[in-house]
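So the structure is just underneath, and the comments pick up after that.
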Amino acid sequence: MQIDRRPSIFNFLLVGVLLAVLGGGERAAAQCAAADINNNGVVDGTDLTELLSAWGTNNADADIDGSGVVGGTDLTALLASWGPCVPGVPAWATLLEAAPNPNVVTSASLRQAITATGLPWRVRDTATQIEMMLIPPGTFNMGCSASQSYGCFGNENPVHQVTLTNAFYLGRYEVTQAQWQARMGSNPSSFQSASTQVPQAQVPQRPVERVSWNTIQGFLSQTGMRLPTEAEWEYAYRAGTTTAFHGYTGQLSGTNDDSLLGDIAWFFSNANSQTRPVGGKLGNGFGLHDMSGNVWEWVNDWYGNYSAGAQTNPQGPSSGSFRVLRGGGWDFDSDLCRASSRYGLDPDSSYFNIGFRVARTP
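Under numbering that gives the first Met the number 0, the first residue of the sequence shown carries the number 0, and numbering increases by one thereafter.
See the structure below:
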């Protein structure tokens, strides 16, 4: 009598449940490639069919874990790898989403630019669990974007063309107190207590603050990350818009209306004199949150005047006394939360409204 060793109907039902839970989830690139049994660049129903057909055998193609027999661990690996396999996943990253989500990256041209890099759109730094978004190469006009209520400061001029030739990853959120403490072993932040607006369980998700530019270098050296350049930061903030405040759901092209800033930012008018957990406001066209408000963000550049000529991959002045801060904070008005607003401060300075966001080179 021949025993049918393939999964029963119960197993097929279990597969359906697991797909609903694990579909599109995190997976390592190497495992994803092994689970792509038919080598078409995506783990899907055809791979599942081949695995189930080989159940209980030593079929080398379907034996994902290399145990010598196709079984439950191979099925688990296949389900965890469901979706596109992206060869360009960096060694330091865990894949979250390969292709840009059109509900987040609403611009077709930005989605095309992201896809053209051959790199995954959304990843997580495996060591720190910091979520990062891919920012593709591009050209934009850097500098003065006045709002309806505020003109530009002198240091935002002249407007000049900038081209960034390399894709980079940027933190989806500002670095949190929990992420800082997990790596550095202490928490310098002022806002470590619960409040009426922020329950204790959410306090670790407030952005870390009271960190100087110099202190941050220790975090960066331990993690292999870096600060974005000032040009990278503004390009990422704008996400294809040219307005004072970046685009978001309901205002895809951005806005100059200061009264709408509360949709994307915690600032003087709505923060109630405190930082808030990251990601609480609407993100921009790259899927980045809190680029305006919450805490000021250090960038890598020395502070200096702009030049009028077109630039490619600018790194800022070669030396200086101050480092650049961007984005405004919880205790500032909308004038300093604009896309082009910039400020210079001593790199040893650490205040309760200053944090940072990390970048990585693929």
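Beta carbons: idealized from backbone N, C-alpha and C, even for Gly.
Just so we're clear, the structure is a prediction, and the values are computed from it rather than from any experiment.
Where residue i falls: helix, strand or coil (DSSP)
| i | result |
| --- | --- |
| E208 | coil |
| I134 | strand |
| W90 | The sequence as given places Ala at residue 90; Trp does not occur at that position. Three-state DSSP puts A90 in coil, outside helix and strand. |
| N265 | The sequence shown places Trp at residue 265, not Asn. W265: coil per DSSP, three-state reduction. |
| T311 | strand |
| G153 | helix |
| M290 | coil |
| V158 | coil |
| Q250 | strand |
| M183 | helix |
| L163 | strand |
| Y342 | strand |
| R237 | helix |
| N213 | helix |
| F331 | coil |
| F218 | helix |
| A32 | helix |
| A145 | coil |
| L260 | helix |
| A200 | helix |
| A270 | coil |
| A193 | coil |
Residues that residue i bridges to, as DSSP identifies them
| i | result |
| --- | --- |
| D124 | A92 |
| E296 | R325 and G354 |
| L169 | M132 and A358 |
| W301 | R322 |
| T175 | P206 |
| R225 | A358 |
| F244 | T254 |
| F139 | V161 |
Cβ-based neighbour list, residue i, same chain, cut-off 6 Å, excluding 5 preceding and 5 following
| i | result |
| --- | --- |
| A97 | P83, V85 and P119 |
| E130 | R123 and R171 |
| T45 | N37 |
| A33 | I63 |
| R356 | G170, E173 and E296 |
| M224 | V357 and R359 |
Residues of its chain near residue i, where Cβ-Cβ distance is below 7 Å and the 5 sequence neighbours each way are ignored
| i | result |
| --- | --- |
| S211 | P346, D347, S348 and S349 |
| A92 | V122, R123, D124 and T125 |
| T105 | L251 and G284 |
| S189 | E208, R209 and F351 |
| N58 | V69 |
| D163 | Contrary to the premise, residue 163 reads as Leu rather than Asp in this sequence. Only P136, G137, A230, E231, Y234 and N312 meet the Cβ criterion. |
| G117 | G87 |
8 Å CB neighbourhood of residue i in its chain, flanking five on each side removed
| i | result |
| --- | --- |
| G23 | Reliability of the predicted coordinates at G23 is poor, the pLDDT of 40 falling under 50, and the value obtained from them is presented with this limitation in mind. Hits under 8 Å: W81, G82 and E96. |
| Q160 | T138, F139, N140, M141, A309 and Q310 |
| A76 | Q30, A33, A34, I63 and D64 |
| R275 | Q196, V197, R205, W265, N293 and W329 |
| A115 | P135 |
| L373 | No information on residue 373 is available, as it lies outside the stretch 0 to 361 that the chain covers here. |
Residue i: CB within 6 Å of a non-hydrogen atom of the ligand ATP
| i | result |
| --- | --- |
| L260 | You won't find the ligand ATP in this model; it holds no ligand whatsoever. |
* Asked: Are there three or more Cβ pairs, one per stretch, closer than 8 Å when the region 260-274 is compared with the region 308-323?
  -> As far as the Cβ criterion goes, the region 260-274 does not touch the region 308-323, which means the pair count is below three.
* To do: For the region 326-338 and the region 281-301, state whether three or more C-beta atom pairs, one from each stretch, are separated by less than 8 Å.
  => Yes, the region 326-338 is in contact with the region 281-301.
* For the region 212-219 against the region 101-118, are there 3 or more C-beta pairs whose distance is under 8 Å? -> The region 212-219 vs the region 101-118: no contact.
* Asked: Below 8 Å, can you find three or more Cβ-Cβ pairs linking the region 301-316 to the region 280-291?
  -> The region 280-291 and the region 301-316 do not touch, with fewer than three beta-carbon pairs separated by less than 8 Å.
* Asked: Do the region 230-248 and the region 345-352 touch if we need at least three Cβ pairs shorter than 8 Å?
  -> No, they do not touch.
* To do: Would you check if the region 300-310 and the region 269-278 touch, i.e. whether three or more CB-CB distances between them fall below 8 Å?
  => The way I'd put it, the region 269-278 doesn't touch the region 300-310; fewer than three beta-carbon pairs between them come closer than 8 Å.
* Do the region 134-151 and the region 234-244 make contact, defined as three or more Cβ pairs closer than 8 Å? -> Flag = yes, the region 134-151 and the region 234-244 touch.
* Decide if the region 334-344 is in contact with the region 150-157; the criterion is three or more beta carbon pairs, one per stretch, under 8 Å apart. => The region 334-344 makes contact with the region 150-157; the number of CB pairs closer than 8 Å reaches 3 or more.
* **Every unbroken alpha helix (DSSP H) inside the region 41-121 [4 residues or more]** => Listed in chain order, the complete alpha helix (DSSP H) runs (minimum 4 residues) inside the region 41-121 are 44-52, 71-79 and 107-115.
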